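Encoded as structure tokens, the structure appears first; notes follow it.
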Amino acid sequence: MSKITITGASGQFGKATVDFLIEKGVKASEITGLVRDESKAKDLTAQGVSIKIGDYDNYDSLVAAFQGAEKVLLISGTDLANRSAQHKNVINAAKEAGVAHVLYTSFERKNEGADSPMAFLGQSHIETDQALKASGLNYTIFRNNLYLEVIPMFVGEQVLDSGIFFPAGEGKVAFADRDNLAEAAANVLLGAGHENREYTMSNDENYTFQTIADELAELTGKDIAYVSPSSEVYSDTLTKAGVPAEYIGMFVSFAEAIKQGEFETEKSDLEALLGRRPTDLKSYLAKTYASDK
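Just so we're aligned: the sequence shown equals residues 0 to 292 in numbering that gives the first Met the number 0.
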């Protein structure tokens, strides 16, 4: 069995991937979890996963952590300002350590230009994709769509009482379940023939926020309205509600990207890599909101 290193292993995606690898028969001792803070890896240690301390900013720590690894799953970092340089550190360190194959959690998009509403988030992903392709390493790039799990963030905590107020228009998103994406990544780590491939990791259906409102209404028996204001009205409303400006800017950018169709997909590799149909919107909303009837 190949030796696998998962970066960001104490995070939600990393931990889920480790769990799926073990569930699929990989010995925990054959998995290495790269973490910055060992105190956050106690559950991984308890499973028997080997833990190595490494920081995307510390090149030498990465080279040391990747010794003996055949495959590295690079889970994208959260430091947007420094992420591109950090990811290049990981790629170069993997190469120096003799890693054969690097897999990366990138993101779905259409517009790669500076005028994209997602440029603030996407540029580092695009640069990482390019660095991987130029590295000489075998690579697999997962173009992950927005998680189903971000829907509550977009619709707000009071959605069942006040409906959805979000400036996404009639834009569609092929929201995908995070655990489905992690399981598919585990399957690719264990499979063959995935070298130098780029996979579209989206649901097999596209959903509007009106669809979300309608599904919530059916689920709860409540009248759930969807209102798509202008970005200006939305920003003003959230500002008056005391939402920090950086969050408002992020929500507006995501909404505009959704409106422009950035996350709508006509094809997806997720079902094939998962081996079954992905979790759909109705199932996710039922799991998340059924107890709130």
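The C-beta atom is built at its ideal place from N, Cα and C for all residues, glycine as well. Since we're looking at a predicted model, the values are computed, not measured.
Expected contact under 8 Å - CB spacing of residue 49 and residue 83 to nearest Å: Within the sequence shown, the letter at position 50 stands for residue 49. Within the sequence shown, the letter at position 84 stands for residue 83. About 28 Å separates the two Cβ atoms, so there is no contact after all.
Cβ of residue 33 within 8 Å of Cβ of residue 188? For this step, residue 33 is matched to residue 34 along the sequence shown. For this step, residue 188 is matched to residue 189 along the sequence shown. No; because the gap between Cβ atoms is not below 8 Å, this pair is not in contact.
Can you grab the Cα-Cα spacing for the pair residue 293 / residue 61, in whole Å? There is no way to answer for residue 293, as the model of the chain reaches only from 0 to 292.
So residue 101 is in the beta strand (DSSP E); what residue range does that whole segment cover? Here residue 101 corresponds to residue number 102 of the sequence shown, with the count starting at 1. Residues 100-106.
Buried or exposed: which applies to residue 182, given that a residue is buried once 16 or more other Cβ atoms fall within 10 Å of its Cβ? Here residue 182 refers to the residue found at position 183 when the sequence shown is read from its first residue. Classification for residue 182: buried.
Does the beta-carbon distance from residue 198 to residue 141 come in below 8 Å? For the purposes of this step, residue 198 is taken as the residue at position 199 of the sequence shown. For the purposes of this step, residue 141 is taken as the residue at position 142 of the sequence shown. Yes, they are a contact pair.
Going by DSSP, what residue range makes up the alpha helix (DSSP H) through residue 177? Locating residue 177 in the sequence shown gives position 178, counting from the first residue. Start and end: 177-189.
How many angstroms separate the CA atom of residue 16 from the CA atom of residue 194? Reading the sequence shown from its first residue, position 17 is the one you call residue 16. Reading the sequence shown from its first residue, position 195 is the one you call residue 194. Distance between residue 16 and residue 194, taken at the CA atoms: about 19 Å.
Is residue 70 helix, strand or coil when you go by DSSP? As a working mapping, residue 70 is identified with position 71 in the sequence shown. Look at residue 70 here: in three-state DSSP terms it is strand.
For residue 51, the three-state DSSP class (helix, strand or coil): Within the sequence shown, residue 51 is the residue found at index 52, counting from 1. In this structure, residue 51 counts as strand in the three-state DSSP scheme.
Would you tell me roughly how many angstroms separate the C-alpha atoms of residue 272 and residue 23, rounded to the nearest one? Sequence index remark: in the sequence shown, residue 272 carries index 273 (1-based). Sequence index remark: in the sequence shown, residue 23 carries index 24 (1-based). For residue 272 and residue 23, the distance between alpha carbons rounds to 14 Å.
Tell me whether residue 41 is buried or exposed, calling it buried when 16 or more other Cβ atoms sit within 10 Å of its Cβ. Walking along the sequence shown from the start, residue 41 turns up at place 42. Residue 41 comes out exposed.
Let's test the definition: count the other Cβ atoms within 10 Å of the Cβ of residue 14 and tell me whether it reaches 16, buried, or not, exposed. Against the sequence shown, residue 14 aligns to sequence position 15. Burial call: buried.
Unbroken beta strand (DSSP E) run spanning residue 32, endpoints: The sequence position of residue 32 within the sequence shown is 33, counting from 1. Here the beta strand (DSSP E) through residue 32 covers 30-34.
In angstroms with no decimal places, state the Cα-to-Cα distance between residue 285 and residue 147. Taking the sequence shown and counting its residues from 1, one reaches residue 285 at position 286. Taking the sequence shown and counting its residues from 1, one reaches residue 147 at position 148. Rounded to whole angstroms, residue 285 and residue 147 show a C-alpha spacing of 12 Å.
Buried or exposed (CB count within 10 angstroms, at least 16 for buried), residue 227: As a first step, residue 227 is located in the sequence shown; it is residue number 228 there, counting from the start. Residue 227 comes out buried.
Measure the alpha-carbon distance for residue 250 versus residue 153 and round it to whole angstroms. By 1-based counting over the sequence shown, the position of residue 250 is 251. By 1-based counting over the sequence shown, the position of residue 153 is 154. As the crow flies, the alpha-carbon of residue 250 is around 7 Å from that of residue 153.
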